[in-house]
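In full-length UniProt numbering, the protein residues as written are 1 to 956. Since the structure comes first, as structure tokens, the remarks are kept for the end.
This is the structure:
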């Protein structure tokens, strides 16, 4: 890793000290007055790619430094003037080259006919939006959007497709400001080609009501908006592929098929997707209403820190790292505007996932009065079929009133089965596993669990927005109803043996059928009124009402051996429980907007009532809470490309029905889970600080984020252990919980290599309190990581990337210092794309992982190497015949370590290993040269205003 960082630093230093200077000036051709802030781009002659750019100063002068010798093209653009181009040559023996005075000619045309094309800067910061110019982050032909995102500074994409931007997970990806297959980010990033994208906008999207009123309510989601190229909004495009090949480890055939067809006609967009494979590829985010095992699967984890090492899958070859998944999926997305009054975005998606998991784990417990080890082997298969529907309809009732309706729901069926075997050993057995006998055993367990489940979840949001004649005066009413109904039916069969030091102590046999019906209905109403006090000040009054009702009915019956039916009612494990949480919140916010800064101050008063009704025990518990919830926001714009934002929010969080229900869950007989009806609501304070800076003249970018959270009455697990190795876990409230997260991304352009270099730093601190055998245990977890990445589009034939990351994690516990641990994880990865003669292309990517720590386990390291050879066909190379090898070295593995206040666990999972695949792909690209009346119609926002006058998703 030191070598990697040294190479990057030497590379940056070397490229910073080589080159000559180029300068000139820009003036009006008639008046000869200098033109300030004209954009001057230095382009490569070969492919017109941007080498560097800048804007002119107050005297119209521009100057480029450290320009490598060669021939370039100067392009000068300025709104209202014709573009000016000039060829310049930088001689190696001439330190300064003068481009002279460049005259721009004024251009007067009808605005309805003009089409402005400007090669802009790679990054632009507009208030709280960071906009990337897609042309500055080129990808290989036929690449998807996900490949482009990996090149952006401050953006990270995991192997499973999860996107993080500026240290936070991206929750939404929009296309031209509208949903694409609902709120699933992967549907856009893994199914849309990168070559149709013009801009990538990154921002924290506010709620619909906040966007309309202009007052921030703190409800934000990290969002990416993909702005398509105008000439790609009319035509057909997509990607179809099919492939198969042998798997070296068994007789299974690995296969993958993909269908992706899009028809864009201006504002009308229709997309059809489909896929079938057994190589862990998913072009979507999977959802499981029932969690692991239809909601009743064993939970063998506690709170703590994932220390885990190896990650399988990778790139376009595979995905999930700790299981093998067969995927069948398909969906349709539709978007259009119906006249000037309405626009619609709707989608339907079906997926059927069959996930096979094989795991072996070793868990070392260190408790205040004893320590022991649990060895476990588990096998499970989970099949989930989901139907997902989303829609967003905007209706313009009149010139001042708009109604937005956003329904969405998911219907799901699941089947789950698992077999789990475990043995708990004494310290003596841990020291010498070869001599394990009955005297070394504390307990053994063999559990078989099967279940089926069905459920429906959904919500419908209706937002009525009304503007008034006075600018800034608005009234909005938002009503949201959310439902979640689940039914599971499971069979739990378990044989457990408990041992003493001199022989058997007792056996336990469980053979039960459990049925659980859970229903949840939440109604939320939010009323907001804004009144302008002056041109810069706005006062908002708002009222919020929320009512959440949860019912959970659990029925457990033991097997009647006489009749071989599950007819013996078990009252201890059965329970009917109803929980209601109702809040009334009233508040106001004063917001001030100036040219350089914006700030808002506000507070809410919230009255909450929590009612828990244990109908089986005929007991009822009522609690009332009154809270003052302050909030504050401040944004300062130093310049067009440098901003600072501060935000403070407070909120409450009610316990869930599963945490409140006082009934034992013995799905895992050695870890009984029990609810706690005496839980209080959590109260959280959050402070965040964001800084964005991009220097147009040097192509340097800085993105920084600092986030701190403090929680009172934090809901954590209290664990108790008996002398037979059995555990009981129950949620309780504790104080003293803090988290601090920091993120820093530095980006720079290396012109000779046509490469972008990004350095990413992360630091996380977590302090918590839990209970172990009724004793208080305080924990502190630290994580430090440093990453470096370089991506280059060297020329039309060569593209390469190199990245490395090193992370250091520690965990400290006050109660059991023997659980204190530290751990290093180092990774190095590279990828290469190179065009050979005869339309041959070789692509390869390799990832090396090294994991080491002082506790529980030896050093783990492996390399995952994927290679593919492609032959391109047809006129525009739209056809591809591809031979690929996944895991060429056959070293792929998944090793994870989980460290908590009571145990350290290492888990090994079965993963995909080496396979070969021959596939054929056809990339459809057919765009129209003209424009129909539909495609020529300006794209409009929800209020009928022309899109482009506002940031996507924003209301004017």
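Ideal Cβ placement from N, Cα and C applies to all residues, glycine included.
{"Asked": "Mind reading off the beta-carbon distance from residue 105 to residue 81? Whole number of angstroms is fine, and I expect it under 8 Å.", "Found": "6 Å"}
{"Asked": "Measure the CB-CB distance between residue 726 and residue 670 and report whether it falls below 8 Å.", "Found": "yes"}
{"Asked": "Over the uninterrupted alpha helix (DSSP H) stretch that includes residue 569, give me the two end residues.", "Found": "Not the alpha helix (DSSP H): residue 569 falls in the beta strand (DSSP E), residues 565-569."}
{"Asked": "Taking DSSP as the reference, what is the three-state secondary structure of residue 632?", "Found": "strand"}
{"Asked": "Rounded to whole angstroms, how far is the Cβ of residue 179 from the Cβ of residue 392, which I believe are closer than 8 Å?", "Found": "6 Å"}
{"Asked": "At the level of alpha carbons, what is the spacing between residue 787 and residue 803?", "Found": "7 Å"}
{"Asked": "What are the partner residues of residue 193, as DSSP defines its beta bridges?", "Found": "144"}
{"Asked": "Can you tell me where the beta strand (DSSP E) holding residue 802 begins and where it ends?", "Found": "798-813"}
{"Asked": "Quick one: what does DSSP say residue 20 is sitting in, helix, strand or coil?", "Found": "strand"}
{"Asked": "As an exercise, report each continuous alpha helix (DSSP H) stretch of at least 4 residues that is fully enclosed by the stretch 398-477, in chain order.", "Found": "427-431"}
{"Asked": "To the nearest angstrom, how far is the alpha carbon of residue 905 from that of residue 592?", "Found": "52 Å"}
{"Asked": "For residue 573, which of helix, strand or coil comes out of DSSP?", "Found": "coil"}
{"Asked": "Taking all protein chains shown into account, do 16 or more other C-beta atoms lie within 10 angstroms of the C-beta of residue 20, making it buried, or fewer, making it exposed?", "Found": "buried"}
{"Asked": "Among 828, 128 and 708, which residue has its Cα nearest to the Cα of residue 685?", "Found": "708"}
{"Asked": "DSSP beta-bridge partners for residue 894?", "Found": "909"}
{"Asked": "Can you tell me which of 780, 469 and 699 puts its alpha carbon nearest to the alpha carbon of residue 770?", "Found": "780"}
{"Asked": "Examine the Cβ distances between the stretch 322-333 and the stretch 347-364 and report whether three or more of them are shorter than 8 Å.", "Found": "yes"}
{"Asked": "With a threshold of 8 Å, are at least 3 pairs of Cβ atoms found where one atom belongs to the stretch 328-337 and the other to the stretch 171-188?", "Found": "yes"}
{"Asked": "From 715, 242, 690 and 562, pick the residue whose C-alpha is nearest to that of residue 704; which is it?", "Found": "690"}
{"Asked": "What are the residues that DSSP puts in a beta bridge with residue 718?", "Found": "730 and 771"}
{"Asked": "Using 10 angstroms around the beta-carbon of residue 360, count the other beta-carbons present and answer buried if the total reaches 16, otherwise exposed.", "Found": "exposed"}
{"Asked": "How many angstroms separate the CA atom of residue 815 from the CA atom of residue 445?", "Found": "29 Å"}
{"Asked": "Is the CB-CB distance between residue 122 and residue 699 below 8 Å?", "Found": "yes"}
{"Asked": "Rank 923, 414 and 100 by C-alpha distance to the C-alpha of residue 25 and give the top, closest one.", "Found": "100"}
{"Asked": "In whole angstroms, what separates the C-alpha of residue 733 from that of residue 654?", "Found": "12 Å"}
{"Asked": "Between 564, 425, 521 and 417, which lies nearest to residue 492 when the distance is taken from Cα to Cα?", "Found": "417"}
{"Asked": "Looking at the secondary structure, which residues open and close the beta strand (DSSP E) in which residue 352 lies?", "Found": "342-366"}
{"Asked": "Taking just the CA atoms, how far does residue 552 sit from residue 372?", "Found": "36 Å"}
{"Asked": "Would residue 757 pass as a contact of residue 790 if the rule is Cβ separation under 8 Å?", "Found": "yes"}
{"Asked": "Closer than 8 Å is the cut-off here; do at least three beta carbon pairs connect the stretch 261-271 with the stretch 221-240?", "Found": "yes"}
{"Asked": "Determine the DSSP secondary structure at residue 836, reduced to helix, strand or coil.", "Found": "strand"}
{"Asked": "I need the straight-line Cα distance from residue 897 to residue 851, nearest angstrom please.", "Found": "10 Å"}
{"Asked": "Using CA coordinates, which residue listed in 845, 473 and 60 is at the minimum distance from residue 834?", "Found": "845"}
{"Asked": "Taking Cβ to Cβ, would you say residue 466 is nearer than 8 Å to residue 457?", "Found": "no"}
{"Asked": "Going straight from the alpha carbon of residue 907 to that of residue 813, what length do you get?", "Found": "22 Å"}
{"Asked": "What residues in its chain sit with their C-beta under 7 Å from that of residue 45, if we drop five residues either side in the sequence?", "Found": "71, 72 and 73"}
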